[in-house]
Structure formats: structure tokens, C-alpha cells
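Number of protein chains: 2
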Amino acid sequence: MTHKFDVLGIGNAIVDILVQVEDDFLVDHDIPKGSMQLVDEETSEKLYDKLGSAIECSGGSAANTIAGLASMGSRAAYIGKTKNDQMGHVFDHDIKSLGIEYTTKKDESGASTARCLVMVSPDAERTMCTYLGACVNLMEADIDEAQVAGAFVTYMEGYLWDPENAKAAFRKAMTLAHKAGRKTSISLSDSFCVGRHKQEFLHLAEHEIDILFANEEELLMLYDTRDLNDAIKAVQQHCEVAAITRSAEGCIIVSAGDIITVKGNPVSDLVDTTGAGDMFAAGFLHGYTRGLDLGVCGRMGNLVASEVITHLGARPDIDLKEYIANKLYLT
Amino acid sequence: MTHKFDVLGIGNAIVDILVQVEDDFLVDHDIPKGSMQLVDEETSEKLYDKLGSAIECSGGSAANTIAGLASMGSRAAYIGKTKNDQMGHVFDHDIKSLGIEYTTKKDESGASTARCLVMVSPDAERTMCTYLGACVNLMEADIDEAQVAGAFVTYMEGYLWDPENAKAAFRKAMTLAHKAGRKTSISLSDSFCVGRHKQEFLHLAEHEIDILFANEEELLMLYDTRDLNDAIKAVQQHCEVAAITRSAEGCIIVSAGDIITVKGNPVSDLVDTTGAGDMFAAGFLHGYTRGLDLGVCGRMGNLVASEVITHLGARPDIDLKEYIANKLYLT
Numbered sequence: 000m001t002h003k004f005d006v007l008g009i010g011n012a013i014v015d016i017l018v019q020v021e022d023d024f025l026v027d028h029d030i031p032k033g034s035m036q037l038v039d040e041e042t043s044e045k046l047y048d049k050l051g052s053a054i055e056c057s058g059g060s061a062a063n064t065i066a067g068l069a070s071m072g073s074r075a076a077y078i079g080k081t082k083n084d085q086m087g088h089v090f091d092h093d094i095k096s097l098g099i100e101y102t103t104k105k106d107e108s109g110a111s112t113a114r115c116l117v118m119v120s121p122d123a124e125r126t127m128c129t130y131l132g133a134c135v136n137l138m139e140a141d142i143d144e145a146q147v148a149g150a151f152v153t154y155m156e157g158y159l160w161d162p163e164n165a166k167a168a169f170r171k172a173m174t175l176a177h178k179a180g181r182k183t184s185i186s187l188s189d190s191f192c193v194g195r196h197k198q199e200f201l202h203l204a205e206h207e208i209d210i211l212f213a214n215e216e217e218l219l220m221l222y223d224t225r226d227l228n229d230a231i232k233a234v235q236q237h238c239e240v241a242a243i244t245r246s247a248e249g250c251i252i253v254s255a256g257d258i259i260t261v262k263g264n265p266v267s268d269l270v271d272t273t274g275a276g277d278m279f280a281a282g283f284l285h286g287y288t289r290g291l292d293l294g295v296c297g298r299m300g301n302l303v304a305s306e307v308i309t310h311l312g313a314r315p316d317i318d319l320k321e322y323i324a325n326k327l328y329l330t
Numbered sequence: 000m001t002h003k004f005d006v007l008g009i010g011n012a013i014v015d016i017l018v019q020v021e022d023d024f025l026v027d028h029d030i031p032k033g034s035m036q037l038v039d040e041e042t043s044e045k046l047y048d049k050l051g052s053a054i055e056c057s058g059g060s061a062a063n064t065i066a067g068l069a070s071m072g073s074r075a076a077y078i079g080k081t082k083n084d085q086m087g088h089v090f091d092h093d094i095k096s097l098g099i100e101y102t103t104k105k106d107e108s109g110a111s112t113a114r115c116l117v118m119v120s121p122d123a124e125r126t127m128c129t130y131l132g133a134c135v136n137l138m139e140a141d142i143d144e145a146q147v148a149g150a151f152v153t154y155m156e157g158y159l160w161d162p163e164n165a166k167a168a169f170r171k172a173m174t175l176a177h178k179a180g181r182k183t184s185i186s187l188s189d190s191f192c193v194g195r196h197k198q199e200f201l202h203l204a205e206h207e208i209d210i211l212f213a214n215e216e217e218l219l220m221l222y223d224t225r226d227l228n229d230a231i232k233a234v235q236q237h238c239e240v241a242a243i244t245r246s247a248e249g250c251i252i253v254s255a256g257d258i259i260t261v262k263g264n265p266v267s268d269l270v271d272t273t274g275a276g277d278m279f280a281a282g283f284l285h286g287y288t289r290g291l292d293l294g295v296c297g298r299m300g301n302l303v304a305s306e307v308i309t310h311l312g313a314r315p316d317i318d319l320k321e322y323i324a325n326k327l328y329l330t
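So the sequence lines, in the order shown, correspond to chains B and Y. Position one of the first sequence corresponds to residue 0 (numbering that gives the first Met the number 0), numbered consecutively onward. Position one of the second sequence corresponds to residue 0 (numbering that gives the first Met the number 0), numbered consecutively onward.
See the structure below:
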């Protein structure tokens with residue numbers, strides 16, 4: 000069965016506002032370091048007013064993954080909702096400039112394009128406050144059946160479970176993907192997100208998702224355990240493949256017949272961990288959609304994740320195609 | 000005579016769109032490398048559509064200088080026109096977050112906030128295409144008399160001579176500054192800009208400007224000579240102080256009694272030359288408004304210029320106060 004796209008991503012279409020902060024700022028504002036919080040527009044504005052000079056760039060978890068995939072040479076499409084405003088225009092440009100098919104209709108009125116205040120601490124950890132804005136208007140009608148049916152993998156972010164309408168879109172996409180004999184995939188996004196939607200995520204893992212992405216913390220939260228081996232055994236019963244990331248430690252790739260431990264790629268100049276999980280998924284899926292061994296997929300994930308954390312921002316700074324070609328069989 | 004502000008900057012309030020390009024792109028589009036071109040909105044959009052993923056951040060030549068000054072601890076104010084749109088909001092936030100007084104009324108309708116496509120070549124040289132947008136609506140009424148009278152130096156960018164209305168604003172500011180016994184200063188901005196306004200700039204240098212900033216090329220263009228010594232002699236007759244930048248070679252500071260040559264600050268990791276001239280002016284004026292010797296002012300200019308070219312973007316990445324304190328008497 001041929002496919003037009005290696006991966007279709009569905010997610011919250013967000014413009015990131017990157018700003019450096021001291022840890023005290025987070026403490027003073029009761030924002031748990033490393034978390035992603037949802038905030039309303041007023042709170043987002045108030046926080047922004049207190050923050051220093053910023054840099055704006057396109058973000059959104061699944062959109063970052065899709066951007067990474069396109070940079071490696073995968074054929075990719077994306078679905079996510081913006082408004083027809085300046086930030087929506089920025090998002091649109093950055094996605095399309097990578098050759099990604101992106102046709103989701105923009106809102107002409109209502110909430111503005113989503114933005115995420117990404118606060119980067121001196122130790123490179125990032126803490127996010129997201130105003131979902133137009134994202135909450137993503138709905139079933141925005142899911143393009145031909146795109147889903149034409150994608151080897153449909154990849155979604157757990158964050159998409161936050162806007163109520165998007166859940167229906169998400170479910171429609173999974174149904175269409177399986178109807179077309181394709182694979183579904185989700186990233187659990189962050190442990191706070193898993194906390195918000197644990198029962199539904201468990202149901203998804205058991206019944207709807209073929210390829211699960213999670214970090215250690217998220218997986219432990221999902222299976223309500225502090226023992227990683229227990230969580231691995233549980234996810235092995237649920238998903239065809241689970242890719243569990245462990246920061247500098249690398250990753251563990253779980254499938255029915257195998258549990259593969261892949262060492263991390265050493266990084267000497269850590270700047271900003273934003274996008275590490277997104278880029279891991281990009282590297283992994285690039286290998287997966289090419290039929291590479293799961294261990295190689297894990298190494299590719301580690302490699303591209305280790306690139307994105309050496310600079311500010313959640314998308315690759317370099318041509319990942321060349322990077323992967325140079326690094327994969329040398330490290 | 001006490002002053003509320005060390006420097007008041009007046010300029011085109013612009014949001015930069017930073018993007019990496021190959022030199023071929025510039026050749027294919029007939030854009031002279033290293034230049035700043037003015038483009039209309041349609042051309043700006045068409046170019047943007049052809050460019051890759053970008054990063055947005057506040058720019059504008061004089062605004063960058065003022066941001067640099069504030070980062071060093073100078074008391075600063077800024078005048079420049081934006082529209083009340085998302086990019087205007089970004090510009091506003093970034094200026095105010097540095098403690099800079101910025102009260103220029105935003106346009107509620109009409110052209111959008113100015114944007115500049117900053118195309119960075121592999122050799123770190125930047126080429127700019129600017130859509131002036133709302134900047135063209137800066138006018139005399141926007142010049143706050145109290146701000147001008149309260150500023151030790153009123154600093155303007157040559158680019159401000161492009162929007163017709165802004166000239167009147169510019170002239171009003173110079174008149175008010177001298178009436179209050181203050182200093183006026185201008186940066187010639189770029190040699191193409193000097194080419195566009197040579198006669199008027201010559202008149203300004205001779206009659207209106209106390210402190211002139213120019214690079215070698217701009218000064219040669221202004222005095223219509225290929226001999227730097229001739230140009231230096233000419234400017235010495237015109238301005239109280241002229242600070243002539245020479246890229247890696249450093250700068251020459253010309254005053255009535257002296258011509259001081261200051262060596263450049265070595266830079267090993269050149270990334271993006273955007274903002275080098277703006278930051279030189281910031282460093283120089285920070286010293287000047289503190290009554291430091293002109294040679295020291297030149298060294299301070301070189302130092303902060305050498306910081307900004309080691310990363311993408313035209314504004315400092317670090318706290319310049321600490322940087323200056325650590326570097327000035329060690330290099």
C-alpha cells in the first residue's frame with residue numbers, strides 16, 4: 000500500500016514566545032518548573048508584561064515534530080487551527096516553507112492564534128504557559144480524510160486532549176486511520192497533561208494507539224506506578240510500540256517481542272530543552288516509516304533530540320537530513 | 000544641567016523576521032548583499048513566501064541601540080510608530096521590558112507594524128528588505144518635547160529620512176534638542192541610505208548634528224571620496240564628534256583636536272552581523288553620556304558590537320552591564 004505522506008501530524012498550532020527567566024520568577028508566580036500550564040488570555044498577557052525581551056517562533060508540539068520530519072526528508076502534512084492574524088501568518092509560513100502540506104482553514108474571527116510563553120531557566124529547563132486561543136476551534140470537520148488515509152502514521156499530541164472540540168477531531172482521525180489500514184500514534188506530552196486525562200489516555204493506549212511516545216515520568220503517571228518495569232510490562236500489553244524517553248539516559252523501545260535500551264547521545268552545550276520530546280518523535284518516526292529496526296529508530300530519535308537542545312527554540316536550526324546522514328553510523 | 004534620560008532614540012519601529020539564506024537567493028532576486036532595501040507590502044509578502052522558517056524579534060536600528068543602552072544601565076527613551084496589531088504589541092513589549100520609556104501613540108488603522116526581512120548569509124553578512132508600514136506615519140506631533148529636552152543626547156537613524164513625514168519629526172527633534180542645550184546624533188545607517196539622501200545628510204552633518212556615526216563606506220559615500228583621510232578631514236570640520244566604524248578593524252574617533260584609532264575586539268564565532276552598527280552606537284553613547292574619554296567610548300562600542308555578532312538577532316543576548324564591567328579593563 001503506497002502512501003502520500005510518511006506522517007500526518009495533528010496538534011495545537013502555536014506560536015512560541017521564548018524568554019529567559021530566573022527560577023525565582025517561576026516560584027514567585029507559582030508555576031511548577033518544567034510544566035505546561037493552560038492559561039487564559041488575560042493571564043497570558045499579564046505574565047508576558049512581566050517577562051523580558053522575547054523571541055517569537057513557530058511551535059506546537061506535533062507541529063515541531065512534523066517540522067523535524069520534513070527537515071529530515073520525510074513527506075509530511077499537518078492539521079491545526081489558527082486565526083487569520085499576524086501570528087497565524089507566521090505559523091502558516093514556517094510550516095509551509097518546509098514543504099509540509101497544511102490546508103486547515105483559518106478562523107476569520109474569535110480568539111487569536113495560540114501562543115505559548117516558553118520560559119527558559121538558566122539550567123536550560125523550559126516551563127510553558129499556553130493560551131490555546133484559536134486551537135479550541137479545531138473540530139471534526141477540519142480532519143481531511145484523504146490526508147489521514149494517505150499517511151503511513153497519523154501522529155497526535157496529548158495536549159490536543161485539552162481543547163474539548165479537538166477530542167472529536169482526534170477520534171475521527173484515529174478511526175479514519177485504522178479504516179485505511181494505517182498506524183496511529185500519540186505523544187503523552189507532559190505528566191501534568193497525563194494527570195488531567197489519565198483514564199482517557201489509558202483507554203487510548205489500550206484500544207486506539209499503535210505507537211506511544213512518553214517520557215519516563217509520563218509513563219509512570221499513566222500506569223500509576225513508581226516502578227518503570229511495571230509500566231513497561233503494562234504498555235507492552237497495550238501498544239504495538241512504545242518509545243520511552245529518559246532525557247540524557249537515552250530511550251527504551253518496547254514492542255511485543257523486545258525491550259531495547261538505547262544510550263543517550265552526549266550533549267556538551269545544553270541551552271534549551273524545548274522541543275526535545277518533539278524532535279525525538281520526529282527522529283523515531285522518520286526511521287519507523289522507512290522500516291528501519293526499532294533500535295535504529297531510537298538512535299535517530301536521540302540524535303535529533305540532542306541537536307534541538309543546543310539552541311533556543313523547539314525546531315531544528317540545521318538541515319537534519321545531512322546531520323542524520325553524518326551522525327547515525329558514526330556514533 | 001541634570002537630565003532624565005541619557006539617550007532618546009527616534010527611529011523606525013520594526014519587527015525583524017530573521018531567516019538564513021544562501022547567497023544564490025540574493026543573486027536570484029537582485030538584492031545587493033549587505034544592503035537595506037525598502038519594499039512595499041506585496042513584495043515583502045512575496046519574498047517571505049519564498050524564504051524558509053524564520054524567527055521574529057524586535058528590531059529597528061535606533062530601537063536596537065536604545066535596547067543596548069538600557070541593557071548597559073543607561074536611562075533611555077524611544078519614539079517610533081507602530082500599529083495596534085500583534086507585531087506592534089511584540090515591539091512595545093520588548094522595548095518596555097527593558098525599562099525604556101516608550102509612549103508613542105499606536106495607529107489604530109492603516110498600514111501594519113513595520114517588518115524587516117533580515118536574510119543572513121552563511122558568512123554572517125545580513126541583507127535587509129524593509130516594509131515601513133506604520134513607520135511612515137511618524138510625524139511632528141509624535142515628538143515629545145519633554146523627552147527631547149530631558150535627554151542628554153537625541154539619537155536618530157538615517158533610515159528615518161526615508162519616510163517623508165518622519166523628516167519633519169526628525170527636524171523638530173533636532174531643533175528642540177539644541178534649544179534645550181542638548182546634543183544631537185545620527186547614524187548614517189547604510190551606504191545605500193546615504194546615496195538616497197546625500198545632500199540632505201551633508202547639510203545635517205554641517206549644521207545640525209553634533210555626534211555622527213558612520214561606517215567607512217558610508218562616510219566615503221557622504222563626502223564623495225575614496226580617500227578615508229579626506230573624509231575624516233571633512234567630517235572634522237562638520238561635527239563635534241564622528242565615530243567611524245571599520246568592521247573587524249575597530250573604529251576611528253574624530254573630534255576637533257584628535258583622531259583616535261581603536262583596534263577591533265577579536266571575535267572567533269561570527270554568526271550574524273545584524274545590529275553591529277546599532278550596538279556600536281549603544282556602547283559609544285553609554286560611555287559618552289558618562290563623560291568618558293572618547294577612546295574609551297570607542298572601545299565600549301567595539302565591545303558590545305562584538306557581542307551582538309556572535310548570535311542571531313540585533314539585540315544583546317546577555318546582560319551588557321556585567322559584560323562591559325568584566326571586559327572593558329581586561330582587553
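Yeah, the Cβ is synthetic: ideal placement off N, Cα and C, and Gly gets one too.
Counting Cβ pairs closer than 8 Å, one from the stretch 193-202 of chain Y and one from the stretch 154-163 of chain Y, do we hit at least three? Touching, yes, given that three or more Cβ pairs across the two stretches are closer than 8 Å.
Residue-chain proximity (CYS331(Y), chain B), Cβ-Cβ < 8 Å: Because chain Y in this structure spans residues 0 to 330, residue 331(Y) falls outside the shown range and cannot be described.
Return the bridge partner residues of GLU217(Y) from the DSSP annotation. None, per the DSSP bridge assignment.
Per DSSP, which residues does LYS82(B) bridge with? Please list them. LYS82(B) pairs with ASP106(B).
Beta carbon of SER111(B), beta carbon of ASP84(B): below 8 Å? In this structure, ASP84(B) lies closer than 8 Å to SER111(B) by Cβ.
Tell me, which residues are paired with TYR130(B) by DSSP? Under DSSP, TYR130(B) forms a beta bridge with ARG114(B).
Does DSSP put LEU319(Y) in a helix, a strand or coil? DSSP places LEU319(Y) in helix when its eight states are reduced to three.
Status (buried if at least 16 other CB within 10 Å, exposed otherwise) for ASN301(Y): Answer is buried; the Cβ neighbour count reaches 16.
Contact set between VAL89(Y) and chain B, taken where Cβ atoms lie within less than 7 Å: Taking the beta carbon of VAL89(Y) as reference, the chain B residues within 7 Å of it are GLU55, listed in sequence order.
Close-in-space but distant-in-sequence residues of the same chain around MET173(B) (CB under 6 Å, 5 per side omitted): Closer than 6 Å at the Cβ level, and outside the excluded window around MET173(B), lie THR183 and GLU207.
DSSP beta-bridge partners for GLU306(Y)? The partner list for GLU306(Y) (beta bridge, DSSP) is empty, contrary to what the question assumes.
Please list the segments of the alpha helix (DSSP H) lying wholly inside the stretch 157-232 of chain Y, counting only runs of 4 or more residues, in order along the chain. The stretch 157-232 of chain Y contains, as complete alpha helix (DSSP H) runs of 4+ residues, the segments 163-178, 190-195, 197-206 and 215-221 (chain order).
Under 8 Å Cβ-Cβ, which residues of chain B neighbour GLY8(Y)? Those within 8 Å of GLY8(Y) in chain B number zero; the least Cβ separation is about 16 Å.
Where MET86(Y) and VAL135(B) are concerned, what is the direct C-alpha to C-alpha distance, given to the nearest angstrom? Here the alpha carbons of VAL135(B) and MET86(Y) stand approximately 23 Å from one another.
Complete runs of the beta strand (DSSP E) confined to the stretch 0-59 of chain B [at least 3 residues]: Here the runs fully enclosed are 4-9, 13-19, 35-37 and 54-57.
Taking one C-beta from the stretch 4-19 of chain Y and one from the stretch 56-69 of chain Y each time, how about it: are there three or more such pairs within less than 8 Å? Contact between the stretch 4-19 of chain Y and the stretch 56-69 of chain Y is established, with three or more Cβ pairs separated by less than 8 Å.
Mind checking if MET35(Y) is an interface residue toward chain B, Cβ cutoff 8 Å exclusive? For MET35(Y), the answer is no, since every Cβ of chain B falls outside 8 Å of its Cβ.
Report buried or exposed for LYS80(B), applying the criterion of at least 16 other Cβ atoms within 10 angstroms of its Cβ. By the neighbour-count criterion, in which a residue is buried when 16 or more other Cβ atoms sit within 10 angstroms of its Cβ, LYS80(B) is buried.
State the Cα-Cα distance for the pair ASN155(B) and SER96(Y), rounded to the nearest angstrom. One detail in the question is off: residue 155(B) reads as Met in this sequence, not Asn. One Cα belongs to MET155(B), the other to SER96(Y), and the distance between them is close to 36 Å.
Using 8 Å as the threshold, is the C-beta distance between LEU137(B) and ALA168(B) below it? For LEU137(B) and ALA168(B), yes; Cβs fall inside 8 Å.
Return the Cβ separation of LYS32(B) and GLU124(B) in integer angstroms, given the expectation that the two are a contact with Cβ distance under 8 Å. Approximately 6 Å separates the beta-carbon atoms of LYS32(B) and GLU124(B); this is inside 8 Å, confirming the contact.
THR330(Y) by DSSP, collapsed to three states: which one? Only weak support is given to the placement of THR330(Y): the predicted model assigns it a pLDDT of 44, under 50, and the value that follows is read from those uncertain coordinates. Correct three-state label for THR330(Y): coil.
Taking DSSP as the reference, what is the three-state secondary structure of GLU100(B)? DSSP places GLU100(B) in strand when its eight states are reduced to three.
For ASN164(B), which option in GLY194(B), ALA133(B) and GLN146(B) has the closest C-alpha, if you only look at C-alpha atoms? Of the candidates GLY194(B), ALA133(B) and GLN146(B), the one whose C-alpha sits nearest the C-alpha of ASN164(B) is ALA133(B).
Give the straight-line distance between the Cα atoms of THR273(B) and ILE308(B), rounded to the nearest whole angstrom. Distance between the alpha carbons of THR273(B) and ILE308(B) is about 7 Å.
Other residues of its chain near LEU218(B): CB distance less than 6 Å, five sequence neighbours each side excluded: If we look at LEU218(B) and ignore the five residues flanking it on each side, its Cβ neighbours are ALA230 and ILE243.
In the DSSP assignment, the alpha helix (DSSP H) including ALA332(Y) goes from what residue to what residue? Nothing about residue 332(Y) can be read from this structure; chain Y reaches only from 0 to 330.
Identify whether VAL240(Y) lies in helix, strand or coil by the three-state DSSP scheme. When secondary structure is reduced to three states using DSSP, VAL240(Y) falls in the strand class.
Scan the stretch 305-319 of chain B for residues whose Cβ lies nearer than 8 Å to a Cβ of chain Y and list them as they occur along the chain. Those would be GLY312 and ARG314, in chain order.
Comparing alpha-carbon positions, which option in LEU311(Y), ALA324(Y), PHE4(Y) and GLU321(Y) lies nearest THR351(Y)? Nothing in the structure corresponds to residue 351(Y), since chain Y is present only between 0 and 330.
Give me the residue from CYS296(B), VAL295(B) and ASP271(B) with the minimum Cα distance to VAL117(B). Comparing alpha-carbon positions, the option among CYS296(B), VAL295(B) and ASP271(B) lying closest to VAL117(B) turns out to be ASP271(B).
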